[in-house]
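**Q** Following this message is one structure expressed as structure tokens.
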Amino acid sequence: DSERIVNILNSMGVNDFDNRVVQMLREILHRFNVDVFKEAVWAAHQRLGTKPDEEKTNPTVELDDLKLALEMKVQHAQEYAQRPDAEKLEEWAKAKNACPLPNIPNRPGIPLPQERFCLNA
């Protein structure tokens with residue numbers, strides 16, 4: 057697994073990285089696979105008309121169950137993890153940048169927040 061992840065990173069032009077990056081990507085891949093297989097078990101229950109029960113054994117997961125689970129996972133990611141388009145980002149940036157920053161006091165020392173923003177006030 058680690059060797060494949062390193063090969064993928066290298067094919068993308070990423071040649072200098074910490075070993076912890078590979079470990080993190082393995083963890084992400086593991087979580088993704090576990091989620092897909094859990095969804096596949098759910099799909100198998102739906103196909104058979106049974107209810108998931110912790111005391112009983114899980115049904116046999118077929119290829120179609122895995123395909124459905126993977127499609128659902130990808131569709132969910134596309135629906136909820138889409139980046140906003142450039143126009144929307146520019147609109148948000150203009151709105152945020154339209155607010156003026158507070159003036160910095162012209163006195164010696166470290167400028168501290170107002171007392172109402174301090175925890176010990």
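Under the working numbering, the first residue of the sequence shown carries the number 57, and numbering increases by one thereafter.
We treat Cβ as the ideally placed atom computed from N, Cα and C, and that holds for glycine.
#1: Ignore the nearest five residues each way along the sequence and tell me which others in Lys150's own chain have a CB closer than 6 Å to its CB.
#2: How should Ala125 be labelled, buried or exposed, when 16 other C-beta atoms within 10 angstroms of its C-beta is the threshold for buried?
#3: So the candidates are Val130, Gln102 and Gln131; which of them puts its Cα closest to the Cα of Glu118?
#4: Leaving out five residues on either side along the sequence, give the residues of the same chain with a beta carbon under 6 Å from the beta carbon of Gln170.
#5: Should Glu95 be labelled buried (16 or more other beta-carbon atoms within 10 Å of its own) or exposed?
#6: Is Ile61 helix, strand or coil when you go by DSSP?
#7: Quick one: what does DSSP say Ala177 is sitting in, helix, strand or coil?
#8: Less than 8 Å separating the beta-carbons of Ile61 and Val78?
#9: If contacts are defined as beta-carbon pairs under 8 Å, then Leu114 and Val97 qualify, I think. What distance do you get, rounded to the angstrom?
**A** According to the structure shown:
#1: none
#2: By the 10 Å Cβ count, Ala125 comes out buried.
#3: Gln102
#4: none
#5: buried
#6: helix
#7: Here Ala177 scores only 49 on pLDDT, less than 50, and its place in the model is too uncertain to base an answer on.
#8: Yes; because the gap between Cβ atoms is below 8 Å, this pair is in contact.
#9: Checking the sequence shown, residue 114 turns out to be Asn, not Leu. Correct: roughly 5 Å between the Cβ atoms.
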